[in-house]
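To keep things clear, I will list the structure first and then write my remarks on it.
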Amino acid sequence: MDLQKKLDQILKQVEKPGRYIGGEVNSIKKTKEEATERMAFAFPDLYEIGMSYLGMQILYNAVNKEEGIACERVFAPAADMESLMKENEVPLFTLETKTPVKDVDLLGFTLQYEMSFATILNMLDLAQIPLLAKNRGEEYPIVAAGGPCAFNPEPLADFMDMFLIGDGEVLLPQVLKLHAECKKNGLTKVEFLEKACKLEGVYVPSFYEPEYNEDGTIKTLCKLNENAPDTVLRNIQGSVEELPFPVKPVIPMVEAVHDRSVIETFRGCTRGCRFCQAGMIYRPVRERKTETILNLAKTQLENTGNDELSLLSLSTSDYSN
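Following our numbering, the numbering of the sequence shown begins with 6 at its first residue and continues without gaps.
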């Protein structure tokens, strides 16, 4: 029985089938002819939580507006769905084309909070992908991670082929296009990673070996590959004004935690609170023009039918206008 027929059977038995069927308003489904490089954007939590995350909508839009590459979505299944997937030998799949995650070119996890790390390993297991990067051969996708927790990548270093650190709107499409080119030229996974690590914001853990202090903290990272940079710098875009922003975000099939239009007014924060990770990693402050914000809001409301709008920034009342 093929995957779609199995899904037709098990979706009748789960509490919220809308989490898994895809086909939402504004979702983008590219054919194999339209996209030779396909990534799965993985949010390691339930659909309702992942669909509330603006970063996913931004990166989904940034990748899919480019020719030749495609971004699809995958979320952690609820307990009832997970049980049925295991029982019926259904691997983790993307929403857009129902492609098994193990068959995409790049699987990218967003690291929003450390409590989701165990779910990442569970999703890899459900996808029938070996957990440890060293056990994954050429037949498996590149497994990457980004987001705020990627700034402290070592807890997941053994499981990831690469980390994308910093702003992703420009970096992620660059990585996908590079991988497509390497794949076309018959290069190996390591040869791709050697090229990718030269992009600002890319960290390849297998190219380094940590040396530890007596108390278990990391003393230094020794390079194992001459192509790896001595220091990995975050990718930071000087302005957010020109960056692609979704005006046709995907409308959730079931009610999301935050079910409304969202506009990012600026990125970064001036306050410098020492307890605040986000205040440090997203600086400096980069504002959108007032006119841009108003136009984005108007267009997004028209394209979604939402009657609520949220202005999203670290300290929105600090917006200079």
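Built from N, CA and C at the ideal position, the CB exists for glycine as well.
Determine the DSSP secondary structure at residue i, reduced to helix, strand or coil.
i, result
"residue 295", "helix"
"residue 261", "coil"
"residue 122", "helix"
"residue 225", "strand"
"residue 284", "helix"
"residue 249", "coil"
"residue 150", "strand"
"residue 324", "coil"
"residue 63", "helix"
"residue 194", "helix"
"residue 116", "coil"
"residue 93", "coil"
"residue 52", "helix"
"residue 68", "helix"
"residue 85", "helix"
"residue 144", "coil"
"residue 137", "coil"
"residue 132", "coil"
Comparing C-alpha positions only, which one of the options sits nearest to residue i?
i, options, result
"residue 281", "105, 301, 150 and 154", "154"
"residue 245", "172, 234 and 18", "172"
"residue 291", "67, 97, 258 and 269", "269"
"residue 129", "76, 164 and 139", "164"
"residue 131", "90, 210 and 303", "90"
"residue 184", "304, 107, 240 and 146", "146"
"residue 256", "316, 59 and 50", "59"
"residue 209", "221, 224 and 232", "232"
"residue 122", "159, 141 and 96", "159"
"residue 306", "254, 92, 7 and 293", "254"
"residue 243", "45, 288, 202 and 217", "288"
"residue 78", "65, 88 and 323", "65"
"residue 28", "108, 218 and 100", "100"
"residue 312", "265, 296 and 271", "265"
"residue 174", "67, 276, 200 and 73", "67"
"residue 286", "176, 275 and 10", "275"
"residue 250", "303, 93, 41 and 62", "62"
"residue 1", "95, 30, 157 and 108", "Missing from the structure shown is residue 1; the chain here goes from 6 to 326 and no further."
"residue 72", "124, 148, 38 and 187", "38"
"residue 326", "88, 178, 170 and 299", "299"
For residue i, which residues does DSSP report across the bridge?
i, result
"residue 338", "Because the chain spans 6 through 326 in this model, residue 338 falls outside it and cannot be assessed."
"residue 58", "DSSP, once it has assigned bridges, lists no residue as partnering residue 58."
"residue 44", "76 and 111"
"residue 317", "269"
"residue 230", "Per DSSP, none; premise fails for residue 230."
"residue 307", "DSSP lists no partner for residue 307."
"residue 240", "171"
"residue 217", "223"
"residue 207", "169"
Kindly provide the ranges of any alpha helix (DSSP H) runs that are 4 or more residues long and lie completely inside the stretch 8-40, ordered along the chain. Every alpha helix (DSSP H) stretch that sits fully inside the stretch 8-40 and reaches 4 residues is listed by chain position as 8-15.
Beta strand (DSSP E) segments (min. 3 residues) lying fully within the stretch 154-186: 167-169
With three or more beta-carbon pairs closer than 8 Å as the criterion, would you say the stretch 193-203 touches the stretch 258-272? no
Give a yes or no on contact between the stretch 21-28 and the stretch 70-83, applying the rule of three or more CB pairs nearer than 8 Å. Touching, yes, given that three or more Cβ pairs across the two stretches are closer than 8 Å.
For the pair the stretch 8-22 and the stretch 219-239, tell me if three or more CB-CB distances fall below 8 Å. Between the stretch 8-22 and the stretch 219-239, the count of Cβ pairs shorter than 8 Å is below three; the stretches do not touch.
Across the stretch 107-120 and the stretch 46-63, are there enough close Cβ pairs to call them in contact, namely three or more that are closer than 8 Å? yes
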